[in-house]
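Going by the working numbering, the first residue of the sequence shown is number 32, and it counts up by one from there. Accompanying notes for the structure given below.
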Amino acid sequence: MSGTSLDGADGVLVDFSGQRLSVVASASRGFDADFRSELLALNSQTHNELHRAALAGNHIALAYADVVVQLMAQVVNLGITAHHVHAIGAHGQTVRHQPKVATANANAAGATTDLGYTIQLNNPSLLAERTGIDVVADFRSRDVAAGGQGAPLVPAFHRRVFGQDSITASVLNIGGIANLSVLPADAAEPVLGFDCGPGNALMDAWCQRHTRQPFDAAGAWAATGSVVPALLQHLMREPYLSKPPPKSTGRDLFSLAWLAEKLSQFTAEQPQDIQATLTEFTANACADCVDSYSSSSKKLIVCGGGAFNTNLLTRLQARLPGLRVSTSDAHGLPPLQVEAAAFAWLARQTVLRQPGNLPSATGAAGLRILGGIYPA
């Protein structure tokens with residue numbers, strides 16, 4: 032998995048044979064600054080975009096192959112070889128997510144359709160070639176083809192791993208974008224899932240610009256500032272936040288250009304105060320979603336890179352005093368392994384010809400088998 036934070040590729044080797052999944056090994060490979068800049072550039076209209084995207088897809092696949100090599104090296108003493116691995120679930124790097132786009136249909140009636148697209152850079156054929164293992168990729172497109180948002184795809188996995196019979200729980204994944212899964216106590220009730228809005232993306236971008244650090248470690252820089260109330264109110268008026276689910280978003284919306292427009296009338300503010308406000312903005316957007324769609328939840332399980340931002344978690348807990356905010360560590364799966372494990376599970380679903388999406392989360396016309404298989 033490589034997510035909207037654009038910081039690198041994470042991988043896990045997962046054993047699903049027991050009652051509970053077991054992460055046998057985990058590995059990661061960071062993206063260097065030049066490649067991260069290239070990915071950011073590809074998230075907007077740029078010169079020679081198709082050529083650059085193809086080369087970036089190769090780069091992603093080679094990064095994934097390196098992660099697989101690391102994983103297999105960790106388990107060689109257990110007698111596990113590539114022959115024992117059924118498939119690699121390879122998400123790819125999202126650079127454009129437009130699941131609903133108004134376009135003129137070329138039929139005689141002149142009807143319109145809002146069916147869009149989602150693009151994850153990858154080269155699964157190259158990954159299969161380098162690893163000798165079947166690859167499952169392009170998970171989101173089938174859901175979009177069925178009229179869904181193509182995101183989030185993790186709620187079905189969250190239900191399997193974190194669902195509890197006795198209580199309603201919520202899982203908040205804070206990557207570049209934050210997404211919420213609501214897991215009802217009654218297994219017969221549908222799981223709800225959707226993107227809340229920005230996760231780390233705006234905080235990371237602002238931190239990089241002013242401190243030259245890729246992220247605000249533990250939210251320490253934000254903690255030195257003060258929230259600017261007028262700016263926070265201005266950010267919270269973003270129309271996406273009030274849209275009902277199913278809905279999904281990405282850097283197409285919550286970009287530095289979006290932030291620059293919002294900050295245009297707040298030029299006198301100190302950078303650390305902007306960072307404090309962006310942290311509060313993420314916390315408020317997420318907390319509002321919990322209040323609106325998961326008010327009966329007893330716990331909020333946080334995963335993704337944002338789980339390490341203790342300042343952000345403190346703000347979430349302050350906004351949600353009625354439930355317990357904890358990281359996924361306390362529930363058996365470290366925060367940085369959750370999404371990679373989810374795509375291993377989604378690959379398993381594809382191999383078994385089982386659906387991987389939840390229409391209650393994505394809005395698709397029904398359950399669908401996701402992804403394409405690229406044989407070794």
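The C-beta atom is built at its ideal place from N, Cα and C for all residues, glycine as well.
The C-alpha of Ala177 lies about 34 Å from the C-alpha of Met234. In the DSSP assignment, Gly207 falls outside any alpha helix (DSSP H), carrying neither H nor E. Distance from the CA atom of Ile150 to the CA atom of Lys131, rounded to whole angstroms, is 13 Å. Annotation for Ser172: the continuous alpha helix (DSSP H) segment containing it runs Arg171 to Ala176. The alpha-carbon of Phe62 is positioned some 17 Å away from that of Val100. Residue pairing by DSSP places Asp41 opposite Ser59 in a beta bridge. Under a 10 Å Cβ-count criterion, Ser36 is classified as buried, with 16 or more other Cβ atoms of the shown protein chains found around its own Cβ.
Taking the Cα of Leu377 as reference, the smallest distance to any Cα among His117, Ala64 and Trp289 is reached at His117.
Looking at the DSSP output, Tyr148 shares a beta bridge with Gln129. When DSSP reads this structure, Ile305 sits in no beta bridge, so it has no partner. When only Cα atoms are considered, Asp226 and Asp319 end up about 12 Å apart. In this structure, Pro215 is the residue among Gln239, Gly42, Pro215 and Gly181 with its C-alpha nearest to the C-alpha of Gln195.
The Cβ-Cβ distance between Thr381 and Val126 does not fall below 7 Å. Put simply, the backbone Cα of Leu93 is about 11 Å away from that of Ser156. Relative to Arg355, the option among Ala373, Val369, Arg379 and Ser326 whose CA is nearest is Ser326. When the Cα atoms are used, Asn204 and Asn108 turn out to be separated by approximately 33 Å. Under the DSSP assignment, Gly228 falls in the beta strand (DSSP E) whose first and last residues are Leu223 to Pro229. Leu398 and Phe66 have their alpha carbons spaced roughly 36 Å apart. Taking 7 Å as the cut-off, the beta carbon of Gln306 is found no closer than this to the beta carbon of Gly228. DSSP places Ile91 within a helical segment (H, G or I) once states are collapsed to three.
The alpha-carbon of Ser273 is positioned some 9 Å away from that of Met267.
Closest by C-alpha distance to Gly123, out of Ser68, Gln50, Ala84 and Asp247, is Ala84.
Looking at the backbone, the Cα of Ser197 and that of Asp360 are separated by about 20 Å. Of the residues assessed, Asn79 falls on the exposed side of the cut-off, its CB having fewer than 16 other CB atoms within 10 angstroms.
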